[in-house]
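Presented below is the structure to which this report refers.
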Amino acid sequence: MIVLGLFELQTPHDPALPPGVIPAMAAALESCLPVRVAGLKPLLAPEEAFDAKRGQWSAPALLEDVLASLPDGIPKALGVTASDLFIPMLSFVYGQAQLKGRAGVVSVARLRQEYYGLPPNDALLLERARKEAVHEAGHLLGLVHCSSPGCVMRLSVQVGQIDLKGEAPCPACAARLREGTA
Amino acid sequence: MKPQWQILVVDDEEIMCESLAAWLREDGYLVDTASSGREAVELAKKTDYAIYFIDLKMPGGMDGIDTLMEIRRLHPDASIIIITAYATVDTAITAIKEGAQEYIVKPCNPEEISLLVSRIIKVKRLQRENLILRKKLQRRYQFHDIICKSPRMLEVLELAREVSSLRSTVLIRGESGTGKELVARAIHFSGSRAQKPFIAVSCAALAETLLESELFGYEKGAFTGAAERKKGKFELADGGTIFLDEIGDIGPKLQADLLRVLQERSFYRIGGTGEIQVDVRVIAATHKDLRALADEGRFREDLFYRLNVIEIFIPPLRERREDIPLLAEHFVERISHELGKPVEDIAQDAMRLLMDHSWPGNVRELENAIERAIVSCRGRTLTADDFSFLRNNGAAKIQIPDNLTLAEMEKLMIEATLRRTGGNVKEAAASLGIDRSTLYEKLKRYGIER
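If you want it as structure tokens, here you go:
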């Protein structure tokens with residue numbers, strides 16, 4: 486069983502992560518993937534990772550920071566932030582992880598109903614957060630995007646697509662994890 | 002698991018390169034990166050990437066457009082996407098003119114780039130499948146797939162092989178079931194037109210007016226029911242070969258139209274006013290003696306000479322009996338595999354029966370006989386008993402009146418067979434050992450209704 490570090494990635498400009506997100510993610514990760522979650526202390530994101538023009542945080546820069554601060558005995562870790570993330574080519578990303586690597590980041594900014602001008606829905610936020618955490622952790626374990634409609638590893642580029650997919654890997658992806666062929 | 006398509010991302014900004022590469026890797030692609038145009042060209046010399054993402058502005062004397070042009074020279078079919086932070090109409094026009102497939106402005110929506118990549122990969126996959134299928138088809142219809150060892154057939158194949166590289170019209174003569182279409186396909190797939198279409202038309206299967214619209218197409222409103230413009234077989238075969246089976250069955254009007262196509266290499270759609278130019282090789286086939294028909298005035302002499310530039314005659318199976326064991330063994334192997342029945346051999350007494358049979362339906366009749374025997378066979382070897390139907394041939398079921406001509410006898414036999422098959426022409430043709438187009442022609446000639 487691989488140990489997966491899970492922690493809040495705090496950013497100076499945005500509000501803190503809504504309560505309940507980290508525990509919900511931890512439970513989903515342990516029930517859907519062959520990992521044991523280790524809760525880590527929150528990490529303060531470096532100011533240089535913020536792009537003032539875009540008003541967003543650079544996912545590649547945050548990944549570097551997560552990698553640099555991994556404690557001993559934690560082979561892989563996932564940082565979770567309330568802030569919006571981007572990569573230079575794309576207008577936003579829900580998260581990014583090194584494929585079969587050590588570090589990943591997940592943003593809940595666009596998982597909140599308020600982002601789209603809708604009334605808050607805590608239950609829906611936690612459901613989406615669980616799926617995105619399992620998705621990025623799946624990449625850390627070597628899974629690539631899957632075309633199976635219900636699979637958590639299906640690519641989502643709209644929040645509605647996150648709602649349509651399930652929380653767990655499909656049988657084919659689960660088998661790849663079991664057999665170590667991911 | 003997704004197939005491992007390879008993508009190259011080219012940008013002088015490392016973070017831009019690496020982050021896009023990481024995002025694409027999550028989608029299962031193998032992604033390389035290059036920090037300059039020169040490095041990209043070096044990589045492209047070693048690998049034919051499915052997609053190239055190239056930044057427009059790069060320092061070092063080789064910008065995105067120069068890189069695009071160099072890669073396009075190496076891989077003319079490459080899918081190249083130009084990326085820019087500052088979109089202008091001029092740069093977009095230049096990029097597309099120089100062969101960029103897409104032009105995108107960064108940062109772009111993840112959905113946009115995801116759709117773009119999956120659309121390109123879908124096309125690449127279809128192109129790859131198409132290539133594989135074409136190769137399979139080519140392999141299937143090569144001369145070495147025509148089973149024979151008799152000197153007469155070897156001569157036929159030698160001649161066919163010689164003419165495959167030419168554009169000349171070929172007339173293939175031979176009885177029904179001798180494999181005229183197989184030889185025509187082998188000529189097409191062994192020549193320079195192999196990558197282009199091979200279109201087969203059975204001239205006996207359709208009424209003259211229908212055949213005319215099939216061959217030449219029609220314009221919208223040309224006749225009642227012509228709701229849309231339709232391309233004809235000659236247009237569809239452009240660059241390739243059209244195979245006109247049972248050419249001896251076409252009427253005078255179509256003979257004149259065909260002559261025009263062969264002379265001018267052009268025609269008009271029915272109801273159309275624009276002349277359509279085509280580059281089509283014509284291979285015609287018939288079981289009739291066209292020269293005799295021309296002498297009797299039933300087939301245009303000038304068309305006969307146009308068609309008969311190169312004549313290939315395929316001898317009937319009864320005149321090359323040494324091919325029967327080879328063909329029979331080939332059919333046993335193929336059909337038993339297709340039917341999933343473990344039949345491996347033909348007993349000596351069965352082979353003697355096959356060698357003695359007259360095979361009026363030629364190779365097709367032999368193939369049908371082997372299939373029928375394999376279906377009823379209980380062991381691993383076909384015995385004479387499995388071919389008992391060859392001895393009877395169903396003749397006993399027909400009452401033959403006195404003073405009957407051969408044609409009347411043939412009509413009776415066709416009617417009896419159709420009754421037995423419940424009007425199913427395909428089944429009746431197989432049972433009679435002739436092909437469908439020949440049966441249609443006979444139905445028309447004898448005025449038999451199904």
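If you're matching them up, the sequences are chains C and U in order.
Per my numbering, the very first residue in the first sequence carries number 486; after that it's consecutive.
Per my numbering, the very first residue in the second sequence carries number 2; after that it's consecutive.
Positions of the beta carbon are idealized from the N, C-alpha and C atoms, including for glycine.
Cα-Cα separation, residue i to residue j
i	j	result
A553 of chain C	L75 of chain U	41 Å
L211 of chain U	L245 of chain U	15 Å
E599 of chain C	S592 of chain C	14 Å
L127 of chain U	R120 of chain U	11 Å
G580 of chain C	A594 of chain C	10 Å
R292 of chain U	D78 of chain U	50 Å
G533 of chain C	Y601 of chain C	It is Glu, not Gly, that sits at residue 533 of chain C in the sequence shown. Using only the alpha carbons, I get a separation of about 28 Å.
K398 of chain U	A417 of chain U	Caution applies to K398 of chain U, whose pLDDT of 46 falls short of 50 and renders its modelled position unreliable; the value that the coordinates give is listed next. In a straight line, the C-alpha of K398 of chain U is about 9 Å away from that of A417 of chain U.
E80 of chain U	G62 of chain U	Per the sequence shown, residue 80 of chain U should be read as Ser rather than Glu. Cα-Cα distance, rounded: 23 Å.
E442 of chain U	E213 of chain U	16 Å
F314 of chain U	L367 of chain U	20 Å
A195 of chain U	L134 of chain U	12 Å
V281 of chain U	K197 of chain U	10 Å
I84 of chain U	K47 of chain U	23 Å
V39 of chain U	T68 of chain U	Going by the sequence as given, residue 39 of chain U is Arg instead of Val. Looking at the two C-alpha atoms, the distance is approximately 7 Å.
L304 of chain U	A161 of chain U	21 Å
Y447 of chain U	P343 of chain U	43 Å
E71 of chain U	L21 of chain U	23 Å
I122 of chain U	I52 of chain U	8 Å
P504 of chain C	G100 of chain U	52 Å
L444 of chain U	E182 of chain U	22 Å
D357 of chain U	G240 of chain U	45 Å
I449 of chain U	E428 of chain U	16 Å
S389 of chain U	V157 of chain U	33 Å
Contacting residues, own chain, Cβ-Cβ under 6 Å from residue i (five flanking each side not counted)
i	result
G395 of chain U	Since pLDDT at G395 of chain U reaches only 38, below the 50 mark, its modelled position is unreliable, and the value read off the structure follows with that caveat. Excluding residues within five positions, none has a Cβ falling inside 6 Å.
I200 of chain U	K234, L237, A238 and I243
S432 of chain U	T418
I251 of chain U	C204
E334 of chain U	none
Contacting residues, own chain, Cβ-Cβ under 7 Å from residue i (five flanking each side not counted)
i	result
A513 of chain C	R615, A618, V619 and E652
V164 of chain U	V171, I188 and I311
P326 of chain U	M352
C655 of chain C	C631, S633, G635 and C636
E14 of chain U	none
A622 of chain C	L489, L514, L518, V520, L563 and G589
L529 of chain C	Q495
Endpoints, alpha helix (DSSP H) assigned at residue i
i	result
Q643 of chain C	Taken as a continuous stretch (DSSP letters only), Q643 of chain C belongs to no alpha helix (DSSP H), as it is neither H nor E.
G38 of chain U	G38 to K47
Y441 of chain U	R437 to Y447
Q264 of chain U	P253 to E265
S432 of chain U	V426 to L433
F235 of chain U	K234 to L237
G275 of chain U	Counting along the chain, G275 of chain U falls outside any alpha helix (DSSP H), and DSSP gives it neither H nor E.
Close-in-space but distant-in-sequence residues of the same chain around residue i (CB under 8 Å, 5 per side omitted)
i	result
E19 of chain U	T34
L31 of chain U	Q5, W6, Q7 and I8
P556 of chain C	G490 and L525
L308 of chain U	T170, L172, I248, L263, V283, A285 and L291
Y219 of chain U	A227, R230, K231, G233, R270, I271, G272 and G273
T95 of chain U	I66
F300 of chain U	G249, Q256, L291 and L294
D536 of chain C	W542, S543 and F571
P317 of chain U	G175, E176, T179, W360 and N363
M671 of chain C	Because residue 671 of chain C is not part of the residues shown, which for chain C are 486 to 667, the question remains open.
Extent of the continuous beta strand (DSSP E) run through residue i
i	result
L518 of chain C	Per DSSP, L518 of chain C belongs to no beta strand (DSSP E) and is neither H nor E.
L177 of chain U	The question names Leu, yet the displayed sequence has Ser at residue 177 of chain U. Per DSSP, S177 of chain U belongs to no beta strand (DSSP E) and is neither H nor E.
A530 of chain C	First-last for A530 of chain C: undefined, no H or E at that position.
K561 of chain C	K561 to T566
G490 of chain C	I487 to Q495
Quick check: the stretch 605–621 of chain C against the stretch 638–654 of chain C, are there 3 or more CB pairs under 8 Å? yes
Can you give me, in chain order, the residues of the stretch 629–644 of chain C that have a beta carbon less than 7 Å from any beta carbon in chain U? V629, H630, L640, V642 and Q643
Taking a cut of 7 Å between CB atoms, which residues from the stretch 94–109 of chain U lie near chain C? K107, P108 and C109
Segment contact flag, the stretch 202–218 of chain U with the stretch 337–344 of chain U, C-beta cutoff 8 Å, min 3 pairs: no
With 8 Å as the limit, tell me which residues of the stretch 565–595 of chain C have their beta carbon closer than that to any beta carbon of chain U; keep them in chain order. F571, I572, P573, M574, L575, S576, F577, V578, Q581, A582, Q583 and L584
Is the stretch 110–125 of chain U touching the stretch 269–287 of chain U, taking contact as three or more C-beta pairs under 8 Å? no
Check whether the stretch 556–575 of chain C touches the stretch 493–504 of chain C, counting contact only when three or more Cβ pairs, one atom from each stretch, lie closer than 8 Å. yes
Residues in the stretch 539–562 of chain C having any Cβ partner in chain U nearer than 9 Å: R539, S543, A544, P545, A546 and L548
Sufficient close CB pairs (3 or more, under 8 Å) joining the stretch 407–422 of chain U to the stretch 151–161 of chain U: no
Name the residues in the stretch 20–41 of chain U whose C-beta lies less than 8 Å from a C-beta of chain C; which are they? S20, L21, A23, W24, R26, E27, D28 and G29
Going along the chain, which residues of the stretch 111–133 of chain U sit with their C-beta nearer than 8 Å to a C-beta in chain C? P111, E112, I114 and S115
Against chain U, which members of the stretch 606–624 of chain C pass a CB distance test of less than 8 Å? H624
Can you list, in chain order, the residues of the stretch 59–87 of chain U whose Cβ is nearer than 8 Å to any Cβ on chain C? I84
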